[in-house]
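Presented below is the structure to which this report refers.
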Amino acid sequence: KDNKRLFKIIRAEGKAEAAALKTDIDELSQLQAQQTLATKHEAKAHAVHAKALALHMKTESRYMLLKAEYERNAGDMRAKEEALEAERANAREVSERTAEQAKEVERLRLQTAADERGR
99 KDNKRLFKII
109 RAEGKAEAAA
119 LKTDIDELSQ
129 LQAQQTLATK
139 HEAKAHAVHA
149 KALALHMKTE
159 SRYMLLKAEY
169 ERNAGDMRAK
179 EEALEAERAN
189 AREVSERTAE
199 QAKEVERLRL
209 QTAADERGR
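For the sequence shown, our numbering gives the first residue as 99, with consecutive numbering after it.
Dropping the structure here:
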């Protein structure tokens, strides 16, 4: 009689262990499926990242070329602005000297005319 009970207990333990093993195997199977899916997602994300990185590098290269051209043009513009200001200053100075000279000529002409009348 005790043997029967012991046999039933052992059989029940076997069934419980089998059920626990089945549950563990099911969980492992689900985890493996999740791992496979996660690996696929990671690979896809990596491909998208690589594509974005390549585009970024291409865009950055164009940006650097345009930036260098912009800086050259800005430097050229500054030099031309300075040259323009120098030419303006020179033209202003020449205009002032011309006006002074014209006044001097006019003064001398008037003086000469007055001297001619006086003779």
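All C-beta atoms, glycine included, are put in the ideal place defined by N, C-alpha and C.
- The alpha-carbon separation between residue 166 and residue 194 amounts to approximately 42 Å.
- In the structure shown, residue 99 falls within a coil segment according to DSSP collapsed to helix, strand and coil.
- In this model, residue 113 and residue 119 are separated by some 10 Å (Cα to Cα).
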